[in-house]
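J.: Each protein sequence line maps, in turn, to chains A and B.
Just so it is clear: in the first sequence, position 223 is 223 by UniProt numbering, and no numbers are missing.
Just so it is clear: in the second sequence, position 8 is 8 by UniProt numbering, and no numbers are missing.
Once you've had a glance at the structure underneath, I'll fire off some questions.
Protein chains: 2
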Amino acid sequence: MSTAATTTASKSERAYQLLHERIGNGQLVPGYRLVLSSIADELGCSVVPVREAIRRLEAEGLVTFERNVGATVASIDATLYLHTMQTLSIVEGAATGLAAHLITDEDLRRARELNNQLRECLENFEPVRFTRLNNEFHAILYGRCPNPHILDLVHRGWNRLNAMRASSFDLVPGRARESVAEHEGLLELLEAKASPHEIEMAARAHRTGTLNAYMAQKNQSPSLL
Amino acid sequence: MSTAATTTASKSERAYQLLHERIGNGQLVPGYRLVLSSIADELGCSVVPVREAIRRLEAEGLVTFERNVGATVASIDATLYLHTMQTLSIVEGAATGLAAHLITDEDLRRARELNNQLRECLENFEPVRFTRLNNEFHAILYGRCPNPHILDLVHRGWNRLNAMRASSFDLVPGRARESVAEHEGLLELLEAKASPHEIEMAARAHRTGTLNAYMAQKNQSPSLL
DNA sequence: CCATGATAGATCGTATACGATTTCGTACAT
DNA sequence: ATGTACGAAATCGTATACGATCTATCATGG
């Protein structure tokens, strides 16, 4: 009956999505205390669905939960950031490598167009748009990965990283420019039909910010971090 | 007061662990219907904690859940098995590579001892013990990985795979023997202080069952599957 | 002034109850 | 005999209520 999107979403699902979005866009900063009853009141539901939503967020690492104490938005730590980024570099690299031989010319064309738009963002200093387009760019590169589990891990990693960046870790200015250049290198590898392994390692290195070093000394095996 | 282990574990935690174990050891076969009220009765608690436990299991991929219908132990599919194994190969490989430079001589000694015991299991045909010792062996190799997120992913992968094997996919007879030989190769790489990248790829190839092919043509970049 | 213990408040954990949805069996019409 | 409609049973989804546990505040003694 409803032409709009699923209006039959369960309340726990709505609670989950609301909190997920608010954590993702920085409305809920790390350390913020999530009180079940307050959230339930705001959503106009009881605490049971809210509890379930929070446990799901906990499973994704977006909130921490302590028995009889409560939930707080996961706080950030340089080590945590590093670990998350490292994990993402591995799974996203693998996804990109697995997707490489399935990517279409149209995908590559769109990716190249996005990368040009990223350049514009750099010149006009549009960090928000940059982040969005950057996500789109990478989503194209790994999107054809035929293994849904790996794609799921990539999304989880992005979510965690996103939650972190929105709060305190923001783009390192110089890094963004470097990133766009690295994208170019990735596109060239893909267009040249390089081996999946080489593409995987390049995508991984891009995340770890050492693609250039990798390209310079690619005969030597690259360190993981 | 209680000298025994944590008696204060929440009921949802107990429900989770019970179901997790039963799925892991094959008591609950894929396709089995998990009815909240029945489990609640058996555990002597209400349905709310059971529901939470089941959603956790769902998040790990051990059960599937359908709104207003119920939960069933995740059924197995050759594709699902392949995807799970592939994911595990990637994250476990990465974990092993990251752990390589932290592994101790004592670790290697124990690993070698375990591998010898695995050989005994082969000769005496002890598949159950083989599986247990095999898990221990790999746990030693990747155990020193300093990134807890990656370790978590490895454990999730093992759990899913374990749930599958216990039910219908069992050890391929010939593969077990091959596996022990590949362990030997891994140990040699570790003892020789090979590069993390090389160890990562060897560990990954071991999972995908193609270490030998990899060793034979290791100049060429190995395909991911 | 500081340490310690008790009390009150806040919050979580779970039991119970009831409504919503699905599924399955049965009767009926074709 | 087969397909369909209807109704009952089963099961999930969530609201509400109450007990358990933690935290913070404050009084008391050193």
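Note that CB positions come from ideal geometry on N, CA and C, so glycine has one too.
Assess contact between the stretch 77–96 of chain B and the stretch 142–153 of chain A, defined as three or more Cβ pairs (one per stretch) separated by less than 8 Å. Is contact present?
T.: yes
J.: Are there 16 or more other CB atoms within 10 angstroms of the CB of residue 96/B, so buried, or fewer, so exposed?
T.: Position 96 of the second sequence, counted from the first residue, corresponds to residue 96/B. By the 10 Å Cβ count, residue 96/B comes out buried.
J.: Take the Cβ of residue 31/B as the centre, count every other Cβ of all protein chains shown within 10 Å, and call the residue buried at 16 or more, exposed below.
T.: Here residue 31/B is taken as the residue at index 31 of the second sequence, counted from 1. Exposed.
J.: If you measure from the beta carbon of residue 49/B to each beta carbon in chain A, is any gap under 8 Å?
T.: Within the second sequence, the letter at position 49 stands for residue 49/B. With 8 Å as the cut-off, residue 49/B does not count as an interface residue toward chain A.
J.: Counting contacts by CB-CB distance shorter than 8 Å, is residue 150/A in contact with chain B?
T.: Looking up residue 150/A in the first sequence gives position 150. For residue 150/A, the answer is yes, since a Cβ of chain B falls inside 8 Å of its Cβ.
J.: Quick one: using the 10 Å Cβ neighbour count with 16 as the cut-off for buried, is residue 189/A buried or exposed?
T.: Here residue 189/A refers to the residue found at position 189 when the first sequence is read from its first residue. Residue 189/A should be labelled buried.
J.: With DSSP as the reference, label residue 13/A as helix, strand or coil.
T.: Here the question's residue 13/A lines up with position 13 in the first sequence. Three-state DSSP puts residue 13/A in a helix.
J.: Under three-state DSSP, which class holds residue 137/A?
T.: As a position in the first sequence, residue 137/A is number 137, starting the count at 1. Residue state, collapsed to three classes: helix.
J.: Any Cβ of chain A within less than 8 Å of the Cβ of residue 86/B?
T.: For the purposes of this step, residue 86/B is taken as residue 86 along the second sequence, with counting starting at 1. Interface flag for residue 86/B against chain A is set, since a Cβ pair is found closer than 8 Å.
J.: Could you tell me which uninterrupted beta strand (DSSP E) segments, each at least 3 residues in length, are contained entirely in the UniProt domain "HTH gntR-type" (9–76) of chain B, listed from first to last along the chain?
T.: 63–66 and 70–73
J.: Is the CB-CB distance between residue 159/A and residue 80/A below 8 Å?
T.: Taking the first sequence and counting its residues from 1, the one referred to as residue 159/A is at position 159. Taking the first sequence and counting its residues from 1, the one referred to as residue 80/A is at position 80. Not closer than 8 Å, so no.
J.: Taking the C-alpha atoms as reference points, what is the distance between residue 123/A and residue 176/A?
T.: For this step, residue 123/A is matched to residue 123 along the first sequence. For this step, residue 176/A is matched to residue 176 along the first sequence. So the two alpha carbons sit approximately 11 Å from each other.
J.: Given residue 72/B, which residues of its chain have a CB within under 7 Å of its CB, disregarding the five upstream and five downstream residues?
T.: As a working note, residue 72/B is residue 72 in the second sequence. So the list reads 31, 32, 33, 34, 63 and 64, once near-sequence residues are dropped.
J.: Helix, strand or coil, according to DSSP, for residue 150/A in the structure here?
T.: If you number the first sequence from 1, residue 150/A lands on position 150. The DSSP-derived three-state label of residue 150/A is helix.
J.: For residue 116/A, count neighbouring C-beta atoms within 10 Å of its own C-beta (all shown protein chains included) and say buried if the count is 16 or more, exposed if not.
T.: Walking along the first sequence from the start, residue 116/A turns up at place 116. Residue 116/A should be labelled exposed.
J.: Taking the alpha-carbon positions, what's the residue 17/A to residue 51/A distance?
T.: Indexing the first sequence from 1 puts residue 17/A at position 17. Indexing the first sequence from 1 puts residue 51/A at position 51. Going from the Cα of residue 17/A to the Cα of residue 51/A covers about 13 Å.
J.: How should residue 125/A be labelled, buried or exposed, when 16 other C-beta atoms within 10 angstroms of its C-beta is the threshold for buried?
T.: If you number the first sequence from 1, residue 125/A lands on position 125. With fewer than 16 other Cβ atoms within 10 Å, it is exposed.
J.: Of all the options 113/A, 206/A, 9/A and 205/A, which has the alpha carbon lying nearest to the alpha carbon of residue 53/A?
T.: On the first sequence, position 53 is the one that residue 53/A refers to. Taking only the C-alpha atoms, the option nearest residue 53/A is 9/A.
J.: Relative to the alpha-carbon of residue 102/B, which residue among 195/B, 38/B and 205/B has its alpha-carbon at the smallest distance?
T.: Mapped onto the second sequence, residue 102/B falls at position 102. For residue 102/B, the nearest C-alpha among the options comes from 195/B.
J.: Please report how far the alpha carbon of residue 67/B lies from the alpha carbon of residue 105/B, in whole angstroms.
T.: Residue 67/B sits at position 67 when you count from the first residue of the second sequence. Residue 105/B sits at position 105 when you count from the first residue of the second sequence. Distance between the alpha carbons of residue 67/B and residue 105/B: 52 Å.
J.: What did DSSP end up calling residue 145/A once you bin it into helix, strand or coil?
T.: Residue mapping note: residue 145/A aligns to position 145 of the first sequence, counting from 1. Residue 145/A falls in the coil class under three-state DSSP.
J.: Count the other CB atoms within 10 Å of the CB of residue 135/B; is the residue buried (16 or more) or exposed (fewer)?
T.: One-based indexing of the second sequence puts residue 135/B at position 135. With fewer than 16 Cβ atoms within 10 Å of its Cβ, residue 135/B is classed as exposed.
J.: Whole angstroms are fine: how far does the CA of residue 119/A sit from the CA of residue 205/A?
T.: Looking up residue 205/A in the first sequence gives position 205. Looking up residue 119/A in the first sequence gives position 119. Rounded to the nearest angstrom, the two C-alpha atoms are 20 Å apart.
J.: Given residue 137/A, which residues of its chain have a CB within under 8 Å of its CB, disregarding the five upstream and five downstream residues?
T.: Taking the first sequence and counting its residues from 1, the one referred to as residue 137/A is at position 137. Same-chain partners within the cutoff: 111, 114, 115, 118 and 183.
J.: Using DSSP with H/G/I as helix, E/B as strand and the rest coil, what is residue 209/B?
T.: For the purposes of this step, residue 209/B is identified with residue 209 of the second sequence, where counting begins at 1. Reduced to three states, the DSSP call for residue 209/B is coil.
J.: Starting from residue 80/A and walking both ways along the alpha helix (DSSP H), at which residues does that stretch end?
T.: In the first sequence, counting from the first residue as 1, residue 80/A sits at position 80. Its alpha helix (DSSP H) spans residues 78–99.
J.: Under the three-state reduction of DSSP, which class applies to residue 199/A: helix, strand or coil?
T.: Here the question's residue 199/A lines up with position 199 in the first sequence. Residue 199/A: helix per DSSP, three-state reduction.
J.: Can you name, in chain order, every residue of its own chain whose Cβ lies under 7 Å from the Cβ of residue 100/A, other than the five neighbours on each side?
T.: Numbered from 1 along the first sequence, position 100 holds the residue referred to as residue 100/A. Closer than 7 Å at Cβ, skipping near neighbours: 190, 196 and 199.
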